[in-house]
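Residue numbers (this note's numbering), protein chains in the order written: chain E, 73 to 324; chain D, 73 to 324; chain G, 73 to 324; chain Y, 73 to 324; chain V, 73 to 324; chain Z, 73 to 324. One structure is given below, encoded as C-alpha cells.
6 protein chains.
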Amino acid sequence: MNAFILPKMTWPEVKEALKTAEVALIPIGAQEQHGHLIAEGCDSYRAEAFSARLAEKCFPKVIVTPTINYGISPHHMDFPGTITLRPETLINLLEDIVSSLNKHGIKKFLFVNGHGGNNAPMAVAAENIARKYDVEIGHTLFVRAAKNTIKEEIHSEYFGHACEREVSECLYMVPEIVRKDRIEKADMYDSFTVKYAEDNYVTLVHQFNELTKNGNLGDPTKGSYELGEKIIEEALENISIFIDEFIASKRS
Amino acid sequence: MNAFILPKMTWPEVKEALKTAEVALIPIGAQEQHGHLIAEGCDSYRAEAFSARLAEKCFPKVIVTPTINYGISPHHMDFPGTITLRPETLINLLEDIVSSLNKHGIKKFLFVNGHGGNNAPMAVAAENIARKYDVEIGHTLFVRAAKNTIKEEIHSEYFGHACEREVSECLYMVPEIVRKDRIEKADMYDSFTVKYAEDNYVTLVHQFNELTKNGNLGDPTKGSYELGEKIIEEALENISIFIDEFIASKRS
Amino acid sequence: MNAFILPKMTWPEVKEALKTAEVALIPIGAQEQHGHLIAEGCDSYRAEAFSARLAEKCFPKVIVTPTINYGISPHHMDFPGTITLRPETLINLLEDIVSSLNKHGIKKFLFVNGHGGNNAPMAVAAENIARKYDVEIGHTLFVRAAKNTIKEEIHSEYFGHACEREVSECLYMVPEIVRKDRIEKADMYDSFTVKYAEDNYVTLVHQFNELTKNGNLGDPTKGSYELGEKIIEEALENISIFIDEFIASKRS
Amino acid sequence: MNAFILPKMTWPEVKEALKTAEVALIPIGAQEQHGHLIAEGCDSYRAEAFSARLAEKCFPKVIVTPTINYGISPHHMDFPGTITLRPETLINLLEDIVSSLNKHGIKKFLFVNGHGGNNAPMAVAAENIARKYDVEIGHTLFVRAAKNTIKEEIHSEYFGHACEREVSECLYMVPEIVRKDRIEKADMYDSFTVKYAEDNYVTLVHQFNELTKNGNLGDPTKGSYELGEKIIEEALENISIFIDEFIASKRS
Amino acid sequence: MNAFILPKMTWPEVKEALKTAEVALIPIGAQEQHGHLIAEGCDSYRAEAFSARLAEKCFPKVIVTPTINYGISPHHMDFPGTITLRPETLINLLEDIVSSLNKHGIKKFLFVNGHGGNNAPMAVAAENIARKYDVEIGHTLFVRAAKNTIKEEIHSEYFGHACEREVSECLYMVPEIVRKDRIEKADMYDSFTVKYAEDNYVTLVHQFNELTKNGNLGDPTKGSYELGEKIIEEALENISIFIDEFIASKRS
Amino acid sequence: MNAFILPKMTWPEVKEALKTAEVALIPIGAQEQHGHLIAEGCDSYRAEAFSARLAEKCFPKVIVTPTINYGISPHHMDFPGTITLRPETLINLLEDIVSSLNKHGIKKFLFVNGHGGNNAPMAVAAENIARKYDVEIGHTLFVRAAKNTIKEEIHSEYFGHACEREVSECLYMVPEIVRKDRIEKADMYDSFTVKYAEDNYVTLVHQFNELTKNGNLGDPTKGSYELGEKIIEEALENISIFIDEFIASKRS
C-alpha cells in the first residue's frame, strides 16, 4: 500500500511527504462494547483502516495521523470493557494534534470519525480549533458518505451500532475482530427511551442498556463482506471527491 | 396566560408550583444577525415565546427558567452586532441552571433551543449534566418538532436561518421584531463552502458570509403568519406529547 | 423610546448605530428570591429597564446588549426558585460578550449590575477582561449612583435586598413584578451571622435564611413610586455623566 | 511570643495544638511596588506580622498558616518588581489550603488580607470554598478593623496604598522595610481615571501609574510609629472579638 | 498469543476476563521523530508491543487497554511529523481511562510508558488519579526495568532516544519500523545545552535540535536484535515480579 | 549580606538592580511534616535561605523572588499540619511569577526547589512556561547539586526527607527550626510499598505513613552543622557555575 501514515514514517520521510500532502486525516475511534459479535476496538480499527485506504486513494495528497483509540461512550458504560473520555479530553486532544501539525505547515484537516457518540464533541472541537488556529477543518462520521448504499440496503428501524451496516464494514476491512459465530439480531426494548434515543424531534440522554439487551442494534445477521465493500467503497469515493475539492478551494 | 414562568414568580409562588411541576424548560437563544428582516434577538425571543406557550399548554406540569440570551454564533461574527459564547460557557451555564433547580427538587429537564448553532454544545452539555447530577434531560431544536409542516411547506434547497420558516415563526409569535418592508430572498453564493456547509456527508467549518451576502437563507418572502401558526402549533403539539411521556416514564 | 437595544435591531441597523455608539452597556441580573413581594427576576428586570433608560438618555452614544438573566446567588439557594451561577461562569460570559463586541469595534464597556452578589465576580471579570483585550471597562451596581437619595431617604439598619429601596425601583420601572398586597417588613434574626454578613470589618460567608425569615431586608412598606423615581433619576443622571466623561477621555 | 505558627511547628506540636485551636488564620500578601518608601513585600510582611500578633492575642485558639507571598496586582505592573497572580491562581491556592486543613479537622477560617487588590478574588474564593467544603469562612482586609482610628486620624482625600496609614503600620510592625529617608507625599494626577478609580458609583479598571507618579497615595510624611500602634491595636482588638464570637457561634 | 487485550475482545469476553484480571496496563507512546532510522510511532509501537508481551507473561492476571498514541514531545517539534500534547491533555486522558475501568471493578493500574518526555506528566497524573479515585497506581518507563543490561551493555555518554538501546528494542519487537540502511551515530553538538539537558544537577528546558543534528543520541550502530532481546526480557521479568507483588499486596 | 531579594526592595531599587541582574531565582518550598525533629516549614525555609546565599554569591547578577511557601505534599497528609497544593495550582503560580517578571525584562529563570514532591509538577511547569513565554528556564532540587558530598557522606539505604542530609542543611542554614532534643532514626516499615516508593524501576503512588512511623527517613542522628556546611557549599558552588554559564549562553 502506498500511503503517508505518519507513525510509520521517519522524519526525513515526513519532510518529503509534506512537499505534496495538503490535508491531514485524523482517525477517531472508541473503546466500546459492540455486542457479542465485534471486538470493542471496532470504531478505532474501522477509522484507522478507512483512513489508510483513503490515504492510499488520495496519495500523495494526504497524510494520516496516529489513531485516537478512545472516544465518548458514557452511554455504553454499563457493558464491561467500555472506556469513555470526557468531551473536553477529546476536544483538547484534537486541538493538540491540529496545532502541532499546523506548525509543520498543514492548513487543512479532516476528522475521520468512526463513532457516532463522538459527533457532537467533534463538531464543537472543529468549530473552536478552526477559528483559533486559522485552519480549515472538515469532519465526518465517514459511513454517512455511503448515503446511497445505506438507503438502498439497510432496512432495520434502528441501526448504527453493532448492526448489519457495521458488521459488514468490519468483514470488509478488519474481519479479525468479528466473532462470526456470535452474530445475532438486536434484542431491543420497546420503551419511551428507545422512542426518543435519537432521530426524533427531542433527543433524550440515555444508556444503551435501556435500548438493547445484547448491545446490538438492527439485524447484524444481514451483514456481509459484499455489503461492507459496497458501503466502504462508496464512502471512499465520496470523501475522496471532497478532498479533491477541499484542496482545490481558495476560501479567503 | 396561565403558566409557571420562574422570573415572574415570587418564591412562595414557586414553592406552590413545585407541588405539581415536574419538568423545567430552559429556553436557549442567541444574539446573532438574521438578515435585514429580523432583529438579532430572534432566537432568544422565539425560544422564550415558544417555551411560554408550551408551559401554558402543559400547565401546571412544567416551569420555565429565565431565557439564555446568548448562544454559539462564531459563524455569524462577520455581521455587526453578533455576539458569540465559547461552547464551554454555554455548557457551564446549563450545568449551573440544572444543578440549581435539582436542589429545588426538579429531576427532569428539557432544553428548548432556538438556534441550530447551539445544537452540538447543547448535546455535549446534556450528556455531561444528566450523568453528573443523575437527572433526566431531553434537548430539542424545537422547530424540528414541526416535521410534517416543514416537509410539506418548505421547498427551498437551503433554509434554516432568516428563511421562510423562521420569519413565519416570528410573524406568529413575535411580529414586533420583523422588518416587514425588508423581507427579501437570500442572496447566496454558489461555492464549495455552501456545498459542505451542512447536511452533507462531510461538514465544513464555515463563516455565514461565505454562504450568503445578505445573511438570509432560502426565500423569506414565502413566509406568513399562517405558516408560522402551522409550524408552531405542530411543534407545540408534538413536544407536549413528549412531555407527557417524559413525566409518565419510570426509567430506572 | 429611542435607544440602541442590540437584540431589537437588525444587523444593518447595528452597523449604522456603530457609527455613533462608543460604549456598550451590559445589563447583569439574577434569578433569585426577593421575598413575598417581588418576582424572582427582579434584578434582571431592573438592570434591563435601567439600561434601556440610560441608553435613551445617552442616545446615540451607547448600545445595550441582551440581558444576562442569571447571577451569583448561592446565599439565596434555600429559597425555592433561586438559580445560581458559579462565579467563573459569569466571568466567562462577560468575557465572551466583551470580546465579541470588541471585534465589532467597541472599546468601552459599562457593566450595569442589578445584584450585589455579582459585585466581586464582576470586579474580577472587569479587571481580567480589560487587560486581556485592551479595552476600557467600568462597572457599577447601578443603584449606588443614587448616593444622595439613599442617604437622605433610606433609614433602615439593614437594606439592599427586597427592601424599601428595591421595591421603589420596581414600582417606578417594572411595577408588574411587584405583589402590592404582599409588601411587609423584613423578619430579621438577631444573630452573629447578621452582625458580620456585610458592611463590617470582617465579612462572613452566610446564607440569606440565616438573616431573614421572609427573605426581605429593611422595611419595604416605606417604598413608593415616588421614591423609586428619585432613586432611578439620580442614578441615571450620575451614570450619564460618567458616560460622557468616559467617551471624552483619552487614556493613553 | 506564644502563638501557633504552623511552619514553625513539628507535626507532634501541631497535633497537640489542634486540641485547642479552632480557627485557622491565612495571611495573604502581595509582591507590589509601594513607592520609594516601603519595600515591595510590604503587604506580605504586614499580613504575616499582623496574623502572628493576632495568634498571640488569641492563643491557644488559632493557628496561622504560611503566608501567601503573592497577590493580585495587575494595576501596579508598570512599576519594576511587581508580580501579579491571575485571580484564579489565588482562588485555587486558598482552596487547597482550606481543603488540606479541613482534613486535619479545622472547620473555621479567617483570611487575613493585607492588600486591597485581593479583596474581590478573596471574596469569590471564600464564597466558593465555604460551600464546597462545608466550612465557615470570614475574610477581612485587616486594616478595615481599625475603623475609628482611620476615621479620626487619616484626612487625605485618597489613601490606602503607600500612604500615611500604611507606612505607620510598617513602622510599628516591620520597620526594617521602610526607607525613612525616602518618605514623601503622593505625586497625584488630576484626571478622569483618578475620579473613578474607586470609592465612586462607577469603578473603572485602571493602572496605578495613571493615578500617581511616585506610586504613593495620600501623605506618608504624616505617618508614625504611634499612629501605626493605634491602628494595629484597634484592628487586633476588633478582630479578636470577631474570633471569640466565631468560635462561640453554632450556626447550623 | 494468549493475553487480554481490551480492544480485541467483545464485552462478554471482557466480562469473563475480569474474573481473574486485577491489574490494567495502560500503554503510553508518542508521535515523535526518532532520527533517520526509526519511524515516528516508535514509542507507541514499543509500549504496545511490550504491554502485550507482559500481558501474555502475566496471563490471566492483567488486561491491556488501547494504546495512547500521543505523548509530550514539545522538545522535538522542530523535526517534521512530531505531534505533542499539552501535559494536561495526557493527564486528563489517563484520568478518563482509569475512572472508566474503575467502574468496571479494576483497582490496580500500571502505566507502561515508552517515552521519557511523558515521565513528569505521567507522575503528576498518577499521584492525582490514585488519590482522587482511591485506586492503586504504579508507573514505569518500562525500559528502566532492564537496569542490569543497560549498565552492562550501553556505554555511550548520552543515550535514551534513537540510540543503540532503542533501536535494539525495535529490532526485537517491531523490526518493521526500523530503516536498517539508515542507522548511524548521533551527530551531537558540544554545548551548554547538552551539558544541562538532563541527568545533571540543574535541568534546562531545551529543544532536541540543540542537542543533535540528525535526531539521534548515542551510537545506534551498536544496536542488535540480541541486545533488544536481552533488554526486553530483563524488563519483562522485573515488571512481572512487580505485578505479582502488586496483586499480592494488601495496602490498607 | 549583599543580595537582590525582591520583597525587601523598593521599586526604584529594583529598577536599578535590573540593570545588572539577568536571572531570577524562584524559591519553592512546602508546608509538610518533617518528623519530630524539624518544623513543617523546613523546605520553604531551606529554599529561601539557599536562594539568598546563592544571590549573595552571584551578586549582582541574580534577583530572588518571594518564596512559594506551599508545595505538593499529598503523600504526607496523614501527618497533622501538612498542607498540599494541587499540581496545577503550583504550575499556575510559577507561570504567573515568570510572566510577571518577563514583563520587567527578565528572560532567564532558575526554579530553586527544596522539596522532592515538587519535582514532577515543577518540570511540567518549566517545560510549559519556557515555551509559552519564550524564556529560558532551569530547575533544580538544589541539594542534588551536592553530588560528591552526598555520595561520600550519606550511607543510609533510604534518605531524602527528615534524614541526616536534611537535618544537616537545617543546622547550617536555619538551626532555629530543628528540635535538637528530638533527633532520632527513622522508624521504617519493611514492605512492598517501601520497595517501590521510588528509585526503582516502577514507582508506586504511596503515603508516607506507609513507609515510616515517625515521618523520618534514614538516620538523622548522623547529621551535623559541618555536614550541612559541606552539602550547602558544594551545592552553592555548582549552581553558581551553572548560573555563570546560563548568563553567558546565547541560545536563541
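Backbone N, C-alpha and C fix where the C-beta goes; we use that ideal spot for every residue, glycine too.
With at least 16 other beta carbons inside 10 angstroms of its own, N185 of chain G counts as buried. Non-local beta-carbon contacts of H106 of chain D in its own chain, meaning distances under 6 Å to residues more than five positions away in sequence, involve C114 and A234 in chain order. The segment 257-265 of chain V and the segment 189-204 of chain V do not touch, with fewer than three beta-carbon pairs separated by less than 8 Å. Annotation note: the segment 152-230 of chain V contains the following uninterrupted beta strand (DSSP E) runs of length 3 or greater, listed N- to C-terminal: 180-185 and 208-213.
In summary, H187 of chain V is buried, with 16 or more beta-carbon neighbours lying within 10 Å of its beta-carbon over all protein chains present.
Of the candidates Y:F264, Y:R118, Y:G295 and Y:V215, the residue whose Cα lies closest to the Cα of E282 of chain Y is Y:F264. Chain-ordered, the chain E residues with CB closer than 7 Å to the CB of F264 of chain D read E317 and S321. In this structure, the straight-line span from the alpha carbon of F314 of chain D to that of F122 of chain D is close to 15 Å. By the CB criterion at 9 Å, A111 of chain Y and R251 of chain Y fall inside the cutoff. The segment 165-176 of chain Z makes contact with the segment 150-160 of chain Y, as at least three CB pairs between them are under 8 Å. Look at F314 of chain Y: its C-beta is under 9 Å from a C-beta on chain G. If you draw a straight line from the Cα of A93 of chain V to the Cα of A320 of chain V, it is about 13 Å long. In the three-state scheme derived from DSSP, where H, G and I count as helix and E and B as strand, I135 of chain D is classed as strand. Burial of H211 of chain E is indicated by the presence of at least 16 other C-beta atoms within 10 angstroms of its C-beta.
Closest by C-alpha distance to L97 of chain Z, out of Z:V134, Z:M194, Z:E306 and Z:L157, is Z:V134.
At a C-beta separation below 8 Å, N310 of chain E has these neighbours in chain D: Y273. Looking at the backbone, the Cα of E236 of chain E and that of G295 of chain E are separated by about 4 Å. If you look at P99 of chain D, you'll find it in the beta strand (DSSP E) that goes V95 to I100. Counting C-beta pairs with one atom in each stretch, the segment 157-170 of chain Z and the segment 155-165 of chain Y have three or more that are closer than 8 Å, which means they touch. In chain order, T82 make up the part of chain D whose C-beta sits under 8 Å from the C-beta of R251 of chain G.
By the CB criterion at 9 Å, P99 of chain G and E120 of chain G fall inside the cutoff. Separation of the CB atoms of I303 of chain G and E241 of chain G is rounded to 6 Å, and the pair is thereby assigned contact status at 8 Å. In this structure E128 of chain Y is in contact with A75 of chain Y, their Cβ atoms being roughly 4 Å apart against a cut-off of 8 Å. DSSP places L90 of chain Y in the coil class of the three-state scheme, outside both helix and strand. Nearest to H108 of chain V by C-alpha distance, out of V:N288, V:Y244 and V:F280, is V:N288. Excluding sequence positions up to five before and after A217 of chain V, its CB lies within less than 6 Å of the CB of A307, N310 and I311, all in the same chain and listed in chain order. Counting along the chain, the unbroken alpha helix (DSSP H) around I303 of chain G starts and ends at Y297 to A320. Taking 9 Å as the cut-off, the beta carbon of G189 of chain E is found no closer than this to the beta carbon of V239 of chain E. Residue range C114 to K129 is occupied by the alpha helix (DSSP H) that includes D115 of chain V. Chain order gives the chain G residues near A217 of chain Y as Y273 and V274, where near means a beta carbon separation below 8 Å.
For R203 of chain Z, the chain V residues whose C-beta falls within less than 7 Å of its own C-beta are P146, listed in chain order. Between E208 of chain Y and R323 of chain Y, the gap from beta carbon to beta carbon is short of 9 Å. When CB distances to chain Y are screened at a threshold of 9 Å, the residues of the segment 107-124 of chain Z falling below it are G107, H108, L109, I110, A111, E112, G113, C114, S116 and Y117, in chain order.
When DSSP reads this structure, L289 of chain Y sits in no beta bridge, so it has no partner.
Here N220 of chain Z is exposed: its Cβ has fewer than 16 other Cβ atoms, across all protein chains shown, within 10 Å. P99 of chain D does not reach chain E, its nearest Cβ partner there being about 15 Å away, counting only Cβ pairs nearer than 9 Å.
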